[in-house]
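These protein sequence lines map, in sequence, to chains A and B. The numbering of the first sequence is the working numbering, which starts it at 1 and goes up by one. The numbering of the second sequence is the working numbering, which starts it at 810 and goes up by one. Don't be surprised by glycine CBs; every beta carbon is placed ideally from N, CA and C. No experiment lies behind these values; they were computed from the predicted model shown. Read the structure below first, then the notes.
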Amino acid sequence: MTETPGRAPLISVALVSFAALGSEIVLNRIFAVVHWYHFAFMIISLALLGFGASGTFLAIARRRLLSHYAASYLVSIASFGVLVIVSPLAALSLPFRAEALLWDPWQPLWLVLMYLVLAAPFFCAANAIGLALMAGRDRAGRVYAADLAGAGIGSVAVLGMMYWIWPEGLLRVVGAVAFVALIVGAVELKAMPVRWTVLAAAGVTLLALLPSSWLRFEPGPYKALSQALRVEGTRVLLERSSPLARISVIESSGMPLRLAPGLSLNATAEPPEQLGMFTDGDAIQAITAATDDPARLEYLSRTTSALAFRLAAPHHVLVPEAGGGDEILRAEQHGAERVTALELNPQVMQLLRETFRGYTGDLVGRGGVQLEQGDARGFLQRSGQTYDLIQLSLGGAAGGGLGGLNEDYGYTVEALRLYMQHLEPGGFLSITGSIEIPPRQGLKLAAMGIGAMRAQGMLRPSHRMIMIRGWQTFTLLLKNGDVTPDEVALTRAFCDEQSFDPVWYPGLERRDTNHRNQLPEPWYYDGVQALLSDTAARYLEDYPYRIRPATDDRPYFHDFFRWRTFSESFAARKRGGMALLEAGYLLLVLTLLQAVIAGATLILAPLRLLAPPHGLGRAGRLRIVLYFGGIGLAFMFLEIAFLQKLLLVVHHPTVALGLTLGTFLVAAGAGSLWADRTSAARARRTLGLAVAGILLLGTLHAIAFDAITPLLAAWPGPAAAAAAACLVAPLAFCMGMPFPLALRELEAPLVPWAWGINGCASVVSAALATLIAVDLGLRNLLWLALALYALVVLAFPSRGAGIQWKSSL
Amino acid sequence: MTTRSTLLTVLSILLLLHGGSPATGAGPSARDAQREALVLEIERDVRETAAYINRRELDERVLAAMRAVPRHEFVRPADLELAYQNRPLPIGHGQTISQPYIVAIMTDLIEPRPDCVVLEVGTGSGYQAAVLGELCRKVYSIEIVEPLGLQARQRLGRLGYDNVEVRIGDGYYGWPEHAPFDAIVVTAVASHVPPPLLKQLKPGGRMVLPVGTRFTTQQLVLVEKHVDGKVTTRQLLPVAFVPLTGGHD
């Protein structure tokens, strides 16, 4: 057998990992703009199978590659540097369009080709890291540590840079980092550094010279922004990009924007001039121009969401999602003296505060309006303030269920409870959403409202609720107090004036519903009544969609998918029933299936077909699959579970992602380094201790983390983030040990298998973890991860199990 | 690498084959048969969806119009072979030609009479306007995307739909010169029903509009303006689906 010097190019490995993870984050952003979020997730997930394919490739070509180790390693990095920018360009030039799957039978082929093209850079990066692991497996812990630490630092750095550099520009940055890795690698391996430096310099120069127009990724042709821009006289005023979203603001003289979802059919005036603000080329919101003509603002009083203002004259209003500012305007128009508005995206805040200050008549700067950065839960947990009205909106018409698998802690039973705790006596929580057939959002919210009030100790939720609907939107009001007869009378009058229908108020009879906006049956009224009755559990169980209340453990408000009705929805898809499919969940299932099939093709089949290396028996192969697959799954399960938990501490998706990836990968890297110092004789004992640590700390987190979350969330942001990182780091430290401890005990031919299996398991687990969280909850996901860690100890490669130990043993 | 090379080769061949496939040249009788099959499919779907759309069958005149309009004339040459499948198809400019089943139901919902005057907002390919043209005295259609509107105008003229008039412009304000209308068909998804359109609808008139995305109609909304001027809506799911459980009495 050819053995190579165990030189471990640690810095270049870290740099390659930095660039690989950075490019993954950048690609996710780009694909979310060009396609849709869930397609982006699916495409990038599958592309990461390049890591798994690398394991197979290294296993096949191991001898040849190791005999030219330095050259193989450096060529892998150089190829990565080139492909990290060429692959996205090639992939996005393919004619794949998610929407065209409806009519073009060839689209799946384009999709597969896209996977292959995008997998190429990850394949090359994984080859480089895998080669380093193979060549220096005596120091596998150090290589693995460099890999993890590089990835952790890369993720945080790239997320941070996204606030200043567009994803297109960041592709150049990660490409440049890859070429720096090439130079560093050549120096580390003492392999003609001058020649490789020249090559790297040429690569960086080409990156710098690449025309910006080549690196401009636009939303797909069927996205709302692209549609709007087809109208003559429509132009983009400005665009901003951050890890949260790409914001595009347009104006149109050809077809002025007139966004007034849910406007009453009795309205007579059109909205005033507006600008359209798109998020990732979709999800339009309006920035409304200041006007002196009160008639032009009439639309603000003629939607279902204006009901709360009709019932009371709220003095202090909280608008948790400021967006383009229309809810602020509505509150002002109805006489609110103080409006506190929250916005997560600082770029949107800047647009309201500065860029369009004149256009909006200084909407957020004038007296009484206070605009703060953050989300409602984090803000309310830090504040003792109470409000007369908290005004929430679920956004415009739903888009076919594609938002289904985004966690949303703003719409859980716990969140609704918190909102209600911050209402003045007699105050209202108002939530507006889209009408759907069959009803989904509205009934789920009603179920959550009822659940939140009961959890709050309110005995008669039916007396504290009002719900109305128009042809397009519904509004649910939850009151901190009993609804009065006057409020019932005002609700009825409001419905009469605006041609809305009452869905619920105390004393409403079925015969008084469903007259103006007729459904085949008064489903909303029937649903709310069922949810208030003793048969609520059965109703939820029997309903064709998942309208069970979303909780912090299953924070998926927008998921309505049920397998029970899948076949009917699927059969209806060709008759215009595509929207019934709840595609978000299905895409995730599809991602998982593809990952499993591709993983099996890339790993299990070659493992079976190729001659077993060094007499590796069936039991030995199974152990390798179970061990390295198991820790791949378990690591990601824990990482994803804690990403969700940290989201509740820091209340910002980008910060939570950076904090989770950074903490987990860097601490796990440190754990790996620690493991590297353990003598071979004590490997099993160290593994036992590491897994014991994982089980102990994981159990503590599972039991106690939720309890301390509200305490941490009340701290200032940086302190909360630092405390959360300190709490999670010891667990991640232990999680970094099982991989290198086992890897270095394997014979060299088995190392690439282990590497590939682990890579595939990581890809499979990303989709699987979300599905488990949706169906079983985050707590169970965490328990499952701990169980997997406990089980992998049993599969630890051992002499008696048919696995060849390395010859030195 | 051999496996991957083989795979890529196979893919390339398949893609080349796809790119080079000629449009089918089915003759008139074949087209008639395809249209007939499509109408039968629509009739079957309507029966299955009866509980949600409040009708067991479509007006025979609407079905006759669906049989009469040559949908293959409204699709891109590359999609000729798909013209009589019950699905939306791209027509360029990021737009689609609506699914025939949805076109049939929307047409039926406005209960068109031979003497009626109809406004359509969103001409697109002109297919819906042609179906209305088979049934109504006059159809006024507005399209905001100029190239689409010009193409549709030329196509409808060529096919002999002289009772259909196409204008390029913003449909929000309707077509006041020809108002009031017996019916209004809005084919583009709107954030709200434009007040000027309701104003241009005759008392006793009907307006129909889709809710959802451009590709997936979530539901259809039928707006009825009663003779007393009051406006009501009916919300219809255009597909067969499980009955909802009440869970109580």
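| field | Under 8 angstroms between C-beta atoms of A720(A) and A729(A) | value | no
| Any Cβ of chain B within less than 8 angstroms of the Cβ of Q518(A)? | yes
| What is the DSSP secondary structure of S499(A), counted as helix, strand or coil? | coil
| Hey, how far is the Cα of N514(A) from the Cα of D501(A)? | 6 angstroms
| message | For a cutoff of 8 angstroms on Cβ pairs, would you count T932(B) as touching chain A? | response | no
| task | Compare the C-beta of P879(B) with all C-beta atoms of chain E and state if any pair is closer than 8 angstroms. | result | Looking for chain E here will not work: the only protein chains present are A and B.
| said: Can you tell me whether K947(B) is helix, strand or coil according to DSSP? | reply: strand
| Roughly how many angstroms separate the alpha carbons of R97(A) and V34(A), rounded to a whole number? | 9 angstroms
| field | Span of the beta strand (DSSP E), counted from its first residue to its last, around E974(B) | value | 973-977
| Close-in-space but distant-in-sequence residues of the same chain around P167(A) (CB under 6 angstroms, 5 per side omitted) | V26, R29, I30
| Is any beta-carbon of chain B found at less than 8 angstroms from that of F278(A)? | no
| Is any beta-carbon of chain A found at less than 8 angstroms from that of D1037(B)? | no
| request: With a threshold of 16 other CB atoms inside 10 Å of the CB of Q421(A), please say whether the residue is buried or exposed. | output: exposed
| Distance between F557(A) and I547(A) (C-alpha atoms, nearest Å) | 8 angstroms
| Taking C-alpha atoms, which residue in V691(A), A724(A), I694(A) lies nearest to A707(A)? | A724(A)
| field | chain B residues whose Cβ lies nearer than 8 angstroms to that of N266(A) | value | V1040
| Of the residues I757(A), A455(A), P544(A), P740(A), which one's Cα is nearest the Cα of G599(A)? | I757(A)
| request: Note down the Cα distance separating Y73(A) from F733(A), rounded to an integer number of angstroms. | output: 28 angstroms
| Nearest to V975(B) (by Cα), restricted to the options V930(B), Y982(B), R962(B), V1002(B) | R962(B)
| Considering only the beta carbon of each residue, do L265(A) and V927(B) sit closer than 8 angstroms? | no
| request: With a threshold of 16 other CB atoms inside 10 Å of the CB of T56(A), please say whether the residue is buried or exposed. | output: buried
| request: Apply the 10 Å Cβ neighbour rule to K1039(B) and answer buried if 16 or more other Cβ atoms are within range, or exposed otherwise. | output: exposed
| said: Using a Cβ-Cβ distance cut-off of 8 angstroms, determine whether E955(B) contacts chain A. | reply: yes
| message | Residues of chain A with CB closer than 9 angstroms to the CB of Y793(B), please, in chain order. | response | Given that chain B is displayed from residue 810 to residue 1058, the structure contains no residue 793(B) and the question cannot be resolved.
| query | Are the C-beta atoms of G254(A) and some chain B residue less than 8 angstroms apart? | reply | yes
| message | Tell me the residue span of the beta strand (DSSP E) that contains F474(A). | response | 473-479
| query | Out of R554(A), T551(A), E541(A), which has the shortest C-alpha to C-alpha gap to W563(A)? | reply | E541(A)
| On the three-state DSSP scale, how would you describe G175(A)? | helix
| request: For Q960(B), decide whether its Cβ has a neighbour in chain A, counting only Cβ atoms nearer than 8 angstroms. | output: no
| request: Kindly indicate which residue of Q843(B), T858(B), H902(B), A913(B) has the alpha-carbon position closest to the one of R870(B). | output: A913(B)
| message | Can you confirm whether E232(A), when its beta carbon is compared against all beta carbons of chain B, has any partner nearer than 8 angstroms? | response | yes
| message | Going by DSSP, what residue range makes up the beta strand (DSSP E) through I390(A)? | response | 387-393
| What is the DSSP secondary structure of I11(A), counted as helix, strand or coil? | helix
| Taking just the CA atoms, how far does A892(B) sit from L225(A)? | 28 angstroms
| Between the stretch 660-671 of chain A and the stretch 154-172 of chain A, are three or more C-beta pairs nearer than 8 angstroms? | yes
| task | Return the chain-ordered list of same chain residues with a C-beta closer than 6 angstroms to the C-beta of A832(B), the five sequence neighbours on each side being excluded. | result | Model confidence at A832(B) stands at a pLDDT of 34, short of 50, so the residue's coordinates are unreliable; what they give is reported in the following sentence. Contacts found: P886, L889.
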